[in-house]
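Peer 1: Per the working numbering, the very first residue in the sequence shown carries number 799; after that it's consecutive.
For reference, the structure I am asking about is given below.
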Amino acid sequence: NGQPTTKAIKAATKVGGWVGKTITVDPQNKDNHVDGYTVTNQESISRKLGVDPVDPVNLYYKANDVNNITVDDYDVNGDLDKPINVSTPTGKTGETLNLNDIRNLNIPAGYHKATGDELKGHTQPANPTYTSTPQTVKVYVVGNDVNNAVIVHYGLEDPNGNLTGTLLRDDQPVNGKVGQVVTVDPN
799 NGQPTTKAIK AATKVGGWVG KTITVDPQNK DNHVDGYTVT NQESISRKLG
849 VDPVDPVNLY YKANDVNNIT VDDYDVNGDL DKPINVSTPT GKTGETLNLN
899 DIRNLNIPAG YHKATGDELK GHTQPANPTY TSTPQTVKVY VVGNDVNNAV
949 IVHYGLEDPN GNLTGTLLRD DQPVNGKVGQ VVTVDPN
């Protein structure tokens, strides 16, 4: 929000000298660089040293926009070596990416974030924090239920392999899940 906070993002540095000396802190100096943040002070700040402590020099930073958290979505019923979707949500350095808020995820249509028994022993990751270092997290998803995913027709063929239009028994609906192979037993 652009307002100063009391949150320190780098340890304080002491600058020494002798009585009567003027010290100058240049916010743009590389020693004042903090990964993932941009210093907002533009002008150098000077203090004249005396026998009493001088007022501290405060440098203010703003968090940079970053998109270096990669979220890989894996179908717990599919190939766990290959994600079905990859996304890189945007945030700011120091912010936490809430993986429990589906607005922060890009789960493919027909899937939802796996919970409980759907995880099949896997564990959802903790919420990562945006830093200057790239990160990858695995989010486990599962396909939604699909009623009547496949309808099996039991028709009679003539000796030439053509359908006769005669049904041997009622159609059989087979349910499944999005992304899952549905197997039909012809017997």
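Beta carbons: idealized from backbone N, C-alpha and C, even for Gly.
1) Suppose you measure from the CA of N960 to the CA of T913; what does that come to, to the nearest Å?
2) Along the beta strand (DSSP E) that carries G953, what are the first and last residues, could you check?
3) Which residue marks the beginning of the beta strand (DSSP E) containing N973, and which one marks its end?
4) Once the 5 residues before and after N946 are set aside, which same chain residues still bring their CB inside 8 Å of it?
5) Taking only three categories from DSSP, how would you classify I882?
6) Looking at P825 and V837, is the spacing between their C-beta atoms short of 7 Å?
7) Specify whether the segment 923-940 and the segment 857-877 touch according to this definition: at least 3 beta carbon pairs, one from each stretch, less than 8 Å apart.
8) What are the boundary residues of the beta strand (DSSP E) that includes R845?
9) What would DSSP say about I900, mapped onto helix, strand or coil?
10) Drop a sphere of 10 angstroms on the beta-carbon of Y859, count the other beta-carbons inside from all chains shown, and report buried for 16 or more, exposed for fewer.
11) Can you find the residues in the same chain that come closer than 8 Å, C-beta to C-beta, to I905, ignoring five residues on each side of it along the sequence?
12) Confirm, please, whether the CB-CB distance from V823 to I843 is below 7 Å.
13) Whose C-beta lies closer than 7 Å to the C-beta of V944 among residues of the same chain, with five residues either side of it excluded?
14) Report the start-end ranges of each alpha helix (DSSP H) in the segment 803-834 that is 4 residues or longer and not cut off at the edges.
15) Less than 7 Å between the beta carbons of Y835 and A809, yes or no?
16) Taking C-beta to C-beta, are L847 and G815 nearer than 7 Å?
17) Counting only the same chain and skipping the five closest in sequence on each side, list residues whose C-beta sits under 7 Å from that of D833.
18) How many whole angstroms separate the CB atoms of Y928 and K890, which I take to be in contact at a CB cut-off of 8 Å?
19) Would you identify the three-state DSSP class for G889, choosing helix, strand or coil?
Peer 2: This is what the structure holds:
1) Here residue 960 refers to the residue found at position 162 when the sequence shown is read from its first residue. Here residue 913 refers to the residue found at position 115 when the sequence shown is read from its first residue. T913 has its alpha-carbon roughly 47 Å from the corresponding atom of N960.
2) On the sequence shown, residue 953 is found 155 positions in, with the first residue counted as 1. It spans 943-955 - the beta strand (DSSP E) in which G953 sits, taken as one unbroken run.
3) Here residue 973 refers to the residue found at position 175 when the sequence shown is read from its first residue. Boundaries of the beta strand (DSSP E) harbouring N973: 961-975, taken from the DSSP string.
4) Within the sequence shown, numbered from 1, the residue matching residue 946 stands at position 148. Within the same chain, N946 has close Cβ partners P971, V972, N973.
5) As a working mapping, residue 882 is identified with position 84 in the sequence shown. If DSSP states are grouped into helix, strand and coil, I882 belongs with coil.
6) Counted from its first residue, the sequence shown places residue 837 at position 39. Counted from its first residue, the sequence shown places residue 825 at position 27. Cβ atoms of V837 and P825: closer than 7 Å.
7) Result yes; three or more Cβ-Cβ pairs closer than 8 Å.
8) The count along the sequence shown starts at 1 and reaches residue 845 at position 47. The continuous beta strand (DSSP E) containing R845 extends over residues 843-846.
9) Position 102 of the sequence shown, counting from 1, holds the residue named residue 900. In this structure, I900 counts as helix in the three-state DSSP scheme.
10) On the sequence shown, position 61 is the one that residue 859 refers to. Counting the other Cβ atoms within 10 Å of the Cβ of Y859 gives 16 or more, which makes it buried.
11) The residue given as residue 905 occupies position 107 in the sequence shown. In the same chain as I905, and ignoring 5 residues on each side of it, the C-beta atoms closer than 8 Å to its own belong to D871, N883, K911, V937, V939, in chain order.
12) Mapped onto the sequence shown, residue 843 falls at position 45. Mapped onto the sequence shown, residue 823 falls at position 25. In this structure, V823 lies closer than 7 Å to I843 by Cβ.
13) Within the sequence shown, residue 944 is the residue found at index 146, counting from 1. Apart from sequence neighbours up to five positions away, the residues of its chain that approach V944 with a beta-carbon distance below 7 Å are N973, G974, K975, V976, ordered along the chain.
14) Counting only runs of 4 or more, we get nothing.
15) By 1-based counting over the sequence shown, the position of residue 835 is 37. By 1-based counting over the sequence shown, the position of residue 809 is 11. Against a cut-off of 7 Å, the Cβ pair of A809 and Y835 comes out as no contact.
16) On the sequence shown, position 49 is the one that residue 847 refers to. On the sequence shown, position 17 is the one that residue 815 refers to. Their beta carbons are under 7 Å apart, which means L847 touches G815 by this criterion.
17) Looking up residue 833 in the sequence shown gives position 35. Excluding sequence neighbours, D833 sits near S930.
18) By one-based count along the sequence shown, residue 928 stands at place 130. By one-based count along the sequence shown, residue 890 stands at place 92. At roughly 6 Å, the Cβ-Cβ gap stays under 8 Å, so Y928 and K890 are in contact.
19) On the sequence shown, position 91 is the one that residue 889 refers to. Reduced to three states, the DSSP call for G889 is strand.
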